[in-house]
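Same order as they appear, the protein sequences are chains A and B.
This note's numbering puts the first residue of the first sequence at 1, with every later residue one more than the last.
This note's numbering puts the first residue of the second sequence at 1001, with every later residue one more than the last.
Think of the CB as a built atom: it goes at the ideal place given N, C-alpha and C, for glycine as much as any other residue.
For reference, the structure discussed in these notes is given below.
Protein chains: 2
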Amino acid sequence: MENSLGDGGHRSGADAAGGPTIGELGEDAVLARLLPRLAPGGFAELGAGDDAAVVRAADGRFVVTSDLMVHGPDFRLAWSSPYELGWKAAVTNLTDVAAMGARPTALVVGLAAPPSTPVAVLEGIADGMRAALERCAPGAGVVGGDLSASPALTIAVTAFGDLEGRAPVLRSGARPGDVVAHAGELGESARGLRLLFAEGVDEQGEPDPRLAEGLRARHPRAVSAQLRPEPPVDAGPAAAIAGATSMLDVSDGLARDAARIARASGAAIDFESAALGAELALVLGGAEDHGLLATFPAGTVPPAPFRPIGRVGEAAGVVSVDGEAVDPAGWDPYADWDGGRG
Amino acid sequence: MENSLGDGGHRSGADAAGGPTIGELGEDAVLARLLPRLAPGGFAELGAGDDAAVVRAADGRFVVTSDLMVHGPDFRLAWSSPYELGWKAAVTNLTDVAAMGARPTALVVGLAAPPSTPVAVLEGIADGMRAALERCAPGAGVVGGDLSASPALTIAVTAFGDLEGRAPVLRSGARPGDVVAHAGELGESARGLRLLFAEGVDEQGEPDPRLAEGLRARHPRAVSAQLRPEPPVDAGPAAAIAGATSMLDVSDGLARDAARIARASGAAIDFESAALGAELALVLGGAEDHGLLATFPAGTVPPAPFRPIGRVGEAAGVVSVDGEAVDPAGWDPYADWDGGRG
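Written as structure tokens, this is what we have:
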């Protein structure tokens, strides 16, 4: 994979200046520079370039999920490189596909940016998407997309998956006695975000690329978990094959997401604190881990990298730790939103 | 269909104030108000509410296309009602599906808006989408989506279609001697946009809702073609069944879009001026008609509402009218973009 940023993708978006802007090149020329960076993948019967693409759906249906990421509420160019933005936009959708028990097959991508944006920024986003697909969903590719202009850099990703003949794994299937298991990191992404908000901003509270660089050096794992997560996408189909009764992508913190399974299933989720580690608040309330939370019938050994972290109980909708109920804290993109930042 | 705007959807977005804002309600409560307005349709095996939806793809593949519409470059709330925005966002994607010869099955929708946006605006968009689906693609529905915050109202639609076992109709299949035919309106949408830019703006050049209302009354057909197009979506599958050799959605003007077929097919497209009407410049250069341009083997009578408007010739990539080459004029979303307007 080519990466025109030449630094492994770690240079922040705020630094990625130089070269022609998308306004100077125009839509067709920008597309001509982006499309060669985005292979359509092995499931595309027809890739980008016509009115629409055609994607294979071998079992007669497809899984589909969609996310909009907007500069300000969803990311900050002063902290994330374009490569990281593309990476994260891809994997957050891939984990939603995986959370149904499906294998990702393809993405479509909409990008909108101010006309003053260097084309190199969009190229970096494309490179990050491609790298994420190669790492987390080999064989899947980008089959189409759209460009527009916006005052805020906007990345819209829609992802598709193949259930390979299996039933989708819903949030509603957890049953009392089931094993609760998790695959992926817990709390690291939230730790990274907390560090960035605490030490990655200048005296006016503005995100600062140089301060973020320092944090990367001192806390590589946490910052990387936030800016370039590597969720266990393969674990989704593996859980389905192992008989998972419910599953979801942990994007809003373990407590809030467990409550979704608990409500949908009419059951309780009880975590063992010993399995959650020392930083319980980060693990329960922290956002954007993008691991997979699943339940398995009692007696099942959850497939690696899942590890047991609790048990399904009777009380409908309740989330608890060692039997003590917790209040699902959450994260809302409109809360405390400041469009002038980022 | 409910329409909370209570005026048939003609009230401009700039007027649609009042009621709670999306920032006041938060993401979950906004979604709870939008989802009941958006039926998942008959192709959804699983609609919104889990990590992803599941859509049937009976012939083992699906057609997919995506568009981003952003306030400013792509629409103006002073002119369009939320209902019209939702309608247009849906149909522009449905025609891309139809242009492959496919029947639309489902949409996913991403919406981003300033937190100060009244929820009624998003409800209006949802109502317009649902109405467009009922009118242009009965049986298709909205199976999922996402909300975020942005300084500019942003509507991201991804649409799916079913080829029903047929090969997709590409841009590359036109052959010398083929009949060139068109289904839908030609030039009306461009006439509407020209009227809005000329007479729908105040003395400072700002879009004005009251002036736009006057234009609606005096030029209902042109303004409606621009703000709430009714393209012949059914004509796409009909053309495929009739043996269309190439097809596309006319979104950038007949000349520019014909040139796409001409280049992809290595052939010429020659229009008969008598079939294009008096306002040739609007028809050739005008954008967003969203009709379907197709070619059919010589001797085929194109299925209604297609009507013959020309012939495929030998000269690769050339577009002409009565044998005289024309320069494909086009439309670029980054050209003359002014994010402060709209």
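query	result
Chain B contacts made by the segment 58-75 of chain A, where a contact means CB separation under 9 Å	A58, D59, G60, R61, F62, V63, V64, T65, S66, D67, L68, M69, V70, H71, G72, P73, D74
C-beta contact flag for W87 of chain A and R216 of chain A at 8 Å	no
Inter-stretch contact (C-beta, 8 Å, three-pair minimum) for the segment 123-132 of chain A and the segment 81-100 of chain A	yes
Three-state class that DSSP yields for E324 of chain A in the structure shown	strand
Residue environment, V1301 of chain B, which counts as buried when at least 16 other CB atoms sit within 10 Å	exposed
Beta-carbon gap between L293 of chain A and H182 of chain A smaller than 8 Å	yes
Residue closest to P237 of chain A, alpha-carbon to alpha-carbon, out of A:P104, A:A267, A:S320	A:P104
Residues, ordered as in the chain, of the segment 1082-1094 of chain B that lie near chain A by beta-carbon distance below 7 Å	none
Where R218 of chain A falls, given that 16 or more other Cβ within 10 Å makes a residue buried	exposed
Euclidean distance between Cα positions of E1045 of chain B and S1189 of chain B	36 Å
Short Cβ contact (8 Å threshold) for L1163 of chain B with V1063 of chain B	yes
Closer than 9 Å at the beta carbon, the chain B residues around L99 of chain A	With the sequence shown as reference, residue 99 of chain A is identified as Ala, and Leu is not the correct amino acid for it. In chain order: D1050, D1051, A1052.
Per DSSP, the bridge partner or partners of I269 of chain A	A:V312, A:V319
8 Å Cβ cutoff, P151 of chain A in contact with chain B	yes
DSSP state of D1067 of chain B mapped onto helix, strand, coil	strand
G1388 of chain B vs D1270 of chain B beta-carbon contact at 8 Å	Outside the modelled stretch of chain B, which goes from 1001 to 1342, sits residue 1388 of chain B, for which no answer is possible.
Residues from the segment 1165-1179 of chain B in contact with chain A, defined by Cβ distance under 7 Å	P1168, L1170, R1171
Supposed close pair A1267 of chain B, P1176 of chain B - CB separation, criterion 8 Å	6 Å
Close-in-space but distant-in-sequence residues of the same chain around D31 of chain A (CB under 7 Å, 5 per side omitted)	Checking the displayed sequence, the identity of residue 31 of chain A turns out to be Leu instead of Asp. Here the set comprises L147.
Near the ligand COA: A98 of chain A beta-carbon under 7 Å from a heavy atom	With respect to the ligand COA, the structure offers nothing, as it holds no ligand at all.
Where D1249 of chain B meets chain A, residues with beta-carbon distance less than 7 Å	D51
Residues near P1303 of chain B in its chain [Cβ-Cβ closer than 6 Å; skip 5 each side]	A1238, A1242
Within chain A, the residues that E1045 of chain B reaches when beta carbons sit closer than 7 Å	R61
Short Cβ contact (8 Å threshold) for T117 of chain A with V97 of chain A	no
Residue burial classification, G192 of chain A (beta-carbon count within 10 angstroms, cutoff 16)	buried
Distance CB(A1112 of chain B)-CB(L68 of chain A) smaller than 8 Å	yes
Residue-chain proximity (A1112 of chain B, chain A), Cβ-Cβ < 8 Å	yes
Contact set between R1037 of chain B and chain D, taken where Cβ atoms lie within less than 9 Å	The chain inventory of the structure shown lacks chain D, comprising the protein chains A and B.
Member of B:A1106, B:I1022, B:L1035, B:T1095 whose CA lies at the smallest distance from the CA of G1361 of chain B	The question about residue 1361 of chain B has no answer here: the residues shown for chain B are numbered 1001 through 1342.
G1253 of chain B to S1224 of chain B span [Cα, whole Å]	17 Å
For F62 of chain A: DSSP bridge partner residues	B:V1055
Supposed close pair D202 of chain A, T295 of chain A - CB separation, criterion 8 Å	With 8 Å as the limit, D202 of chain A and T295 of chain A do not qualify as a contact, their Cβ atoms being about 45 Å apart.
Simplified DSSP state of R1228 of chain B, which is helix, strand or coil	coil
R1061 of chain B to G214 of chain A span [Cα, whole Å]	47 Å
Collapsed DSSP secondary structure at A98 of chain A in the structure displayed	helix
Option nearest W1079 of chain B by Cα separation, candidates B:G1184, B:E1199, B:G1145	B:E1199
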